[in-house]
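Residue numbers (our numbering), protein chains in the order written: chain A, 15 to 80; chain B, 3 to 263. Don't be surprised by glycine CBs; every beta carbon is placed ideally from N, CA and C. Here the structure comes first, spelled out in structure tokens, and everything after it is commentary.
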Amino acid sequence: MQILVNGDSVEVASGLSLLALLERIGKPSAHVAVEYNGDILERDGFAAVTLRENDRLEIVHFVGGG
Amino acid sequence: MKAPVDLVIAGQIFTSRLFVGTGKFASPEVMAKAVEASGTELVTVALRRVDVHAPDDRTLSALDFSRYRLLPNTSGARDADEAVRIAKLSRAACKTNWVKLEVTPDPNYLLPDPVETLRAAEQLVKLGFVVLPYINADPVVAKRLAEVGCATVMPLAAPIGSNRGLQTRDQLRIIIEQATVPVVVDAGLGMPSHAAEALELGADAVLVNTAIAIAHDPVRMALAFKAAVQAAELARQAGAGDQSAYARASSPLTGFLGVEA
């Protein structure tokens, strides 16, 4: 199924959890925030989210800045 | 001697009056060493999308987050709604409710939008954030932001990254004179003397990024800024003498050679 991650269309297996997606892209936990269909998730909620067709995700993290 | 006065922001005491940004360093290791050398207790960071195809951004990998107060900024926000969204995501990402509020729709000078900044500040304060807004050196805007509950104001010395020093000196002086919250001079400080001058004017702290990050030796430049900030702090405690329009001789005006009595 297709989901939208940071504006890009991505093909993932149906039934994939958000946590599994984060592990797949190499960003499992610390200092990542996720906006799921417009709602900001708490980190301990990642495991409970099962992705669905056409979900929209924004996955952000900290980088150097002033 | 005037007693040392602690800098307190939202209940947290800072012994260093130098805050440091983490952008633009040549490597994560140099950044971490420069931050350590600066003696700072507060570092700024930025929130960005993870690159799904290359997720391993290492810019902060060498930084021990537990040693510093983390201050996420809202850089990239063009209006209040974007700033609030970024602040909420930052809070979810690092469990801090502190935020450096930046709303900079103008790409050439990155000057802050005062109307959107005030709108965002009002919302963020209501949401429980500790808000440190980046502003132009406008005393009226500074006052309004303090009135809506901001923890500090952060007026600019010169445009971000310009290294041009205290171009806004006279306005900064008024902001400091009227301040009811700590004043952190941010942006444009290019040399340690600029930081010292800001503190001599009466600013409570300075925030420096570019001047340290793009120096040939960022660790040494961080030490230089630390020394300048400490020098200004010592001078404040020492208490400076008055200025005079005329000369006031330092040597005795009597007993010159060759003068008839």
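- Residue-chain proximity (Val-47(B), chain A), Cβ-Cβ < 9 Å: Locating residue 47(B) in the second sequence gives position 45, where the first residue counts as 1. Chain A, which has a Cβ nearer than 9 Å to the Cβ of Val-47(B), makes this yes.
Note the first and the last residue of the continuous beta strand (DSSP E) segment covering Arg-57(A).
Stepping through the first sequence from its first residue, residue 57(A) is reached at position 43. Counting along the chain, Arg-57(A) falls outside any beta strand (DSSP E), and DSSP gives it neither H nor E.
request  = Using only alpha-carbon positions, find the residue among Gly-79(A), Asp-69(A), His-75(A), Phe-76(A) that is nearest to Asp-22(A).
outcome  = Along the first sequence, one-based indexing puts residue 22(A) at 8. A check of alpha carbon separations from Asp-22(A) across Gly-79(A), Asp-69(A), His-75(A), Phe-76(A) identifies Asp-69(A) as the nearest.
**Asked** Are Val-155(B) and Ala-144(B) touching if we call contact CB-CB under 9 Å?
**Response** As a first step, residue 155(B) must be located in the second sequence, where it is residue number 153. As a first step, residue 144(B) must be located in the second sequence, where it is residue number 142. Yes, these two residues count as a Cβ contact at 9 Å.
Item checked: Span separating the alpha-carbon of Thr-24(B) from that of Tyr-136(B) -> Here the question's residue 24(B) lines up with position 22 in the second sequence. Here the question's residue 136(B) lines up with position 134 in the second sequence. Between Thr-24(B) and Tyr-136(B), the C-alpha separation is close to 16 Å.
Using a C-beta cutoff of 9 Å, does Ala-61(A) count as contacting chain B? As a working note, residue 61(A) is residue 47 in the first sequence. Chain B, which has no Cβ nearer than 9 Å to the Cβ of Ala-61(A), makes this no.
| task | Identify, in the order they occur along the chain, each residue of the same chain with its Cβ nearer than 7 Å to the Cβ of Leu-91(B), setting aside the five sequence neighbours on each side. | result | As a first step, residue 91(B) must be located in the second sequence, where it is residue number 89. Result list for Leu-91(B): Leu-49, in chain order.
Notebook entry, point to check: Going along the segment 222-234 of chain B in order, which residues come within less than 9 Å of chain A, judged by CB to CB distance?
Noted result: none
For this session: Could you name the residues of chain B that Arg-57(A) contacts, counting a contact when the two beta carbons are closer than 9 Å?
Result: Numbered from 1 along the first sequence, position 43 holds the residue referred to as residue 57(A). Residues of chain B passing the Cβ test: Ala-94, Ala-95, Lys-97.
* **For His-196(B), the three-state DSSP class (helix, strand or coil)** => Here residue 196(B) is taken as the residue at index 194 of the second sequence, counted from 1. The answer is helix: DSSP assigns His-196(B) an H, G or I state.
request  = Output the boundary residues of the beta strand (DSSP E) element that contains Leu-73(B).
outcome  = For the purposes of this step, residue 73(B) is taken as the residue at position 71 of the second sequence. Per DSSP, Leu-73(B) belongs to the beta strand (DSSP E) from 71-75.
*Own chain residues within Cβ distance below 6 Å of Ile-264(B), not counting five before or after*: Residue 264(B) lies beyond the stretch modelled for chain B, which goes from 3 to 263, so this question has no answer here.
What's the gap between the Cα of Leu-201(B) and the Cα of Leu-33(A)? For the purposes of this step, residue 201(B) is identified with residue 199 of the second sequence, where counting begins at 1. For the purposes of this step, residue 33(A) is identified with residue 19 of the first sequence, where counting begins at 1. Using only the alpha carbons, I get a separation of about 47 Å.
_If distances are taken between C-alpha atoms only, which option among Glu-72(A), Ala-27(A), Gln-16(A), Ser-31(A) comes closest to Asn-62(A)?_
Locating residue 62(A) in the first sequence gives position 48, counting from the first residue. Per the sequence shown, the amino acid found at residue 62(A) is Ala instead of Asn. Selected option, being the one with the closest Cα: Ser-31(A).
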